[in-house]
Amino acid sequence: MNQKIFICEDSLDGIMTALHEALYSGIDREYLKICIGDEGNFTLFSEYIYVETDPEKAEKTAHMLRLRLGAEGYYGICHAAMSFEEDKADAILGMVMTGLSMKDGRMVMDHISDKAVGRVFELSRTVSNEAHHHLGFIRFRELKNGVLLSEITPKNDILTLVAPHFEDRLGCEDWMIYDRNRSLFAVHRRGSRWGIVSGETLDMDRAAELSEREEEFQDLWKRFCSSVSIRERENTELQQQNLPLRFRKNMTEFE
Amino acid sequence: MKIQQDMTISEKLEILSDAAKYDVACTSSGVDRKNGGKGMGNCTAPGICHSFSADGRCISLLKILFTNECIFDCKYCINRSSNDVKRASFTPDEICSLTMEFYKRNYIEGLFLSSGVLYTPNYTMELIYQTLLKLRTEHHFMGYIHVKAIPGADSGLIEKTGFLADRMSINLELPTAESLRILAPHKNRNAILNPMRQIQQGITASRNEIAVFRNAPKFVPAGQSTQMIIGATPESDYQIVSVAESLYDKFSLKRVFYSAFVQVNEDAALPALPGGPPLLREHRLYQADWLLRFYGFKASELLSEERPNFNVLFDPKCDWALRHLEIFPVEINRADYYTLLRVPGIGNKSALRIVKARRMAVLKFEDLQRMGVVLKRALYFITCSGKMMYQTKIEEDYIARNLLNVKERLPADIAGGGMTFRQLSLFDDVNFGGTINGIGGGQI
């Protein structure tokens with residue numbers, strides 16, 4: 001039998017729609033595959049199906065997965081779907097099929113010895129780790145109009161994971177987190193809910209207009225970071241192990 | 001002593017963060033608090049690291065002293081009254097402004113406020129209380145606050161402060177009362193242990209109250225911690241670990257921190273440490289501390305009067321395993337959780353994953369790797385379905401030699417004194433059973 005390859009958009013909805021198509025095609029796992037975007041190498045004897053994202057089908061699949069795989073399994077899928085790795089959609093497909101074939105699908109994330117589940121576990125762990133790092137490493141600067149602005153360059157698409165944290169923490173502030181790699185904004189206005197804005201770019205001139213005391217506090221922070229270190233224990237290797245260089249380009253104290 | 005007037009906030013920050021840096025604790029963990037729409041800030045139970053300083057330590061809180069003026073003359077302390085250092089004091093408003101502005105920019109997770117003793121313990125504690133009160137009620141700050149209780153302050157003041165803070169700590173300073181008498185003549189053990197007991201009882205009372213009245217005020221919800229200086233006095237590792245154990249058992253402390261002695265003062269009562277601070281020793285104590293708290297070990301299992309210090313070459317768990325080869329190898333698919341925890345290379349997360357995953361399928365060695373087991377250490381101690389990973393011998397010298405080739409993931413450069421692990425592994429006949437005592441403890 002020919003292999004069927006579903007090609008979908010790189011978004012949670014896209015992957016959910018493709019899952020819907022794949023699961024309902026009734027084909028065995030070994031002949032099924034889901035790819036994100038265009039497959040680089042076309043293989044012989046494969047049938048390529050382009051899946052158009054359909055929010056309704058996506059929602060239906062998501063609902064079913066929440067019920068059958070439980071919260072843990074569902075979050076595993078969501079986090080894995082935010083990964084930058086290319087094999088994520090296919091790993092999710094495998095994990096879902098394993099879960100649905102189990103007596104109690106809610107235990108699926110415990111089945112780490114299954115290859116696909118193990119992969120989803122790994123992807124989701126990497127994504128949540130990066131999100132957790134950003135909770136600490138994100139730096140805001142205060143602009144002239146009072147907005148707190150942060151620019152980040154994460155490997156994975158973690159904006160929706162960090163935004164709720166800042167919504168709760170800085171509920172009385174206007175803030176904006178800009179993912180430079182994906183040109184996405186998480187935007188929050190005082191007293192209302194956060195949202196994602198895409199298709200806009202950062203106005204560099206306005207982003208450079210700082211509030212009156214901004215530079216003073218940046219300077220105070222830099223002084224603090226250097227004076228709090230103990231010279232007799234200096235250990236930049238350990239520092240780098242804990243705070244890899246890729247984060248530092250967006251951090252005030254390393255400017 | 002010269003008191004400078006009219007210092008800028010920047011100068012003060014530099015002096016008072018420099019003076020606070022020897023305090024180890026910078027954790028922001030232990031309490032989960034949503035903001036709920038008023039003021040600024042929240043707390044997450046695991047805590048968040050915001051940066052790392054050049055010594056590799058985490059920066060989570062704005063760690064400052066209220067003042068570095070001090071009437072005490074503790075010999076190990078940079079701020080002792082007999083030292084001629086620049087002195088400065090914040091005002092409560094300055095601390096509030098720094099905390100709020102730093103927090104808003106996501107520089108920090110909260111405030112760590114300690115202090116030298118200005119005039120009297122009560123006077124200082126009152127200032128700290130006023131600062132916290134301002135921060136919580138005027139600025140509606142909901143982030144994390146760790147505050148030091150000043151030894152000798154009234155219990156009423158400590159109690160008031162405890163209702164505003166998340167974590168309180170009183171430094172034990174030195175492991176034994178005798179050492180404290182020699183190096184910190186103005187402090188005595190009881191002035192430290194009494195408020196520690198008071199806070200412990202306050203926490204219990206507050207928990208009981210919350211069980212009945214959900215909205216009762218919370219007293220030190222993230223628990224209490226303390227800190228000891230390591231290597232300034234002649235205590236053995238065994239004594240130190242035993243002290244820590246009884247602090248956990250009898251005072252229900254959340255954490256005990258160990259601080260490798262850094263020589264900042266010249267004093268006849270202090271040891272000379274030509275090799276720098278005893279960092280490896282501190283590291284071993286932290287490892288043992290984890291074993292006490294999360295792995296069900298007892299201090300008496302790790303060390304004894306006859307073997308009072310930790311092995312330089314192996315971490316305490318490996319060391320323990322090498323002395324208890326009779327229980328190994330353990331079968332991954334059958335051993336209970338607590339037995340798995342005793343295997344070098346298996347941590348509490350991976351042990352939990354193993355216990356869950358083996359309900360689904362029989363586990364093989366390649367599965368273990370994915371679960372976070374460090375196989376190159378664990379492989380000498382485990383079987384999967386009755387088989388060892390390679391043909392290895394259950395023999396102390398053999399395993400010890402092989403484990404030495406696997407470089408321990410020590411924080412870089414910790415070994416100090418130019419001694420590296422590779423050099424040691426060249427010797428074939430090192431007596432691995434005995435302890436090698438050369439770091440920190442041996443020099444005193």
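Sequence lines, in order, name chains G and S.
Here full-length UniProt numbering is used: the first residue of the first sequence is 1, the next is one more, and so on.
Here full-length UniProt numbering is used: the first residue of the second sequence is 1, the next is one more, and so on.
Note that CB positions come from ideal geometry on N, CA and C, so glycine has one too.
Against Val228(G), the close residues of chain S are Ser17, Lys21, Ser53, Ile59 and Lys63, in the order they occur along the chain (beta-carbon pairs closer than 7 angstroms). Between the alpha carbons of Asp219(G) and Ser385(S) lies a gap of roughly 60 angstroms. Secondary structure note for Thr204(S): its alpha helix (DSSP H) is the uninterrupted segment Arg189 to Val212. Around the beta-carbon of Glu395(S), fewer than 16 other beta-carbon atoms lie within 10 Å, marking it exposed.
Where Ile240(S) is concerned, the enclosing alpha helix (DSSP H) starts and stops at Asp237 to Phe251.
Contacts with chain G (Cβ-Cβ distance below 8 angstroms) from the segment 317-347 of chain S involve no residue at all. Within 10 angstroms of the beta-carbon of Ile196(G) lie fewer than 16 other beta-carbons, which makes it exposed. Here the C-alpha atom of Met251(G) lies approximately 40 angstroms from the C-alpha atom of Phe251(S). In terms of beta-carbon proximity, Cys49(S) lines the interface with chain G, with at least one pair separated by less than 8 angstroms. When Cβ pairs closer than 8 angstroms are counted between the two stretches, the segment 59-73 of chain G is seen to touch the segment 10-23 of chain G, the count reaching three or more. With at least 16 other beta carbons inside 10 angstroms of its own, Thr99(S) counts as buried. The segment 184-194 of chain G makes no contact with the segment 125-139 of chain G: fewer than 3 CB pairs, one atom from each, lie closer than 8 angstroms. Taking the C-beta atoms as reference points, Ser259(S) is found nearer than 8 angstroms to Ile230(S). For Thr226(S), no alpha helix (DSSP H) encloses it; the enclosing beta strand (DSSP E) starts and ends at Gln224 to Ile230. Leaving aside the five residues that flank Gly70(G) on each side, the residues in its chain whose CB is nearer than 6 angstroms to its CB run, in chain order, Arg106. With respect to chain G, the C-beta atom of Ser252(S) has no partner C-beta closer than 8 angstroms.
The contact set of Leu363(S) on chain G, defined by CB atoms closer than 8 angstroms, consists of Ser113 in chain order. Of the candidates Lys21(S), Thr161(S) and Met360(S), Met360(S) places its Cα closest to the Cα of Met109(G). Using a 10 angstroms sphere on the CB of Tyr398(S), the tally of other CB atoms stays under 16, which defines it as exposed. A straight-line Cα-Cα distance of about 18 angstroms links Asp205(G) and Gly199(G).
The DSSP assignment places complete alpha helix (DSSP H) segments of no fewer than 4 residues inside the segment 272-350 of chain S at 279-294, 299-302, 316-323 and 337-341, in order along the chain. Inclusion of Leu172(S) and Gln227(S) in the CB contact set at 8 angstroms is warranted, their separation being smaller than that value. Within the segment 120-179 of chain G, the complete beta strand (DSSP E) segments of 3 residues or longer fall at 148-152 and 175-179, listed in chain order. For Ala25(S), same chain residues with a beta-carbon under 6 angstroms away, outside a window of 5 residues either side, are Ser225 and Phe257 in chain order. The DSSP-derived three-state label of Val264(S) is coil. For Val187(G), the enclosing beta strand (DSSP E) starts and ends at Leu184 to His188. With respect to Cys70(S), Ser53(S) sits apart: the two C-beta atoms are not nearer than 8 angstroms. DSSP places Met109(G) within a helical segment (H, G or I) once states are collapsed to three.
The beta-bridge partner set that DSSP reports for Gly372(S) is empty.
When Cβ-Cβ separations below 8 angstroms define contact, Ser385(S) makes no contact with chain G. Within 7 angstroms of the CB of Ala357(S), the CB atoms of chain G belong to Asp110, His111, Ile112 and Ser113, in sequence order along the chain.
Taking a 10 Å sphere around the C-beta of Phe213(S), we find fewer than 16 other C-beta atoms and assign the residue as exposed.
At least one beta carbon of chain S lies nearer than 8 angstroms to the beta carbon of Gly136(G). In the three-state reduction of the DSSP assignment, Gln3(G) falls in the strand class. Under the Cβ criterion of 8 angstroms, Asn265(S) is not counted among the residues facing chain G. Scanning its chain for C-beta atoms nearer than 6 angstroms, with the 5 sequence neighbours on each side dropped, one finds around Phe45(G) the residues Asn2, in chain order.
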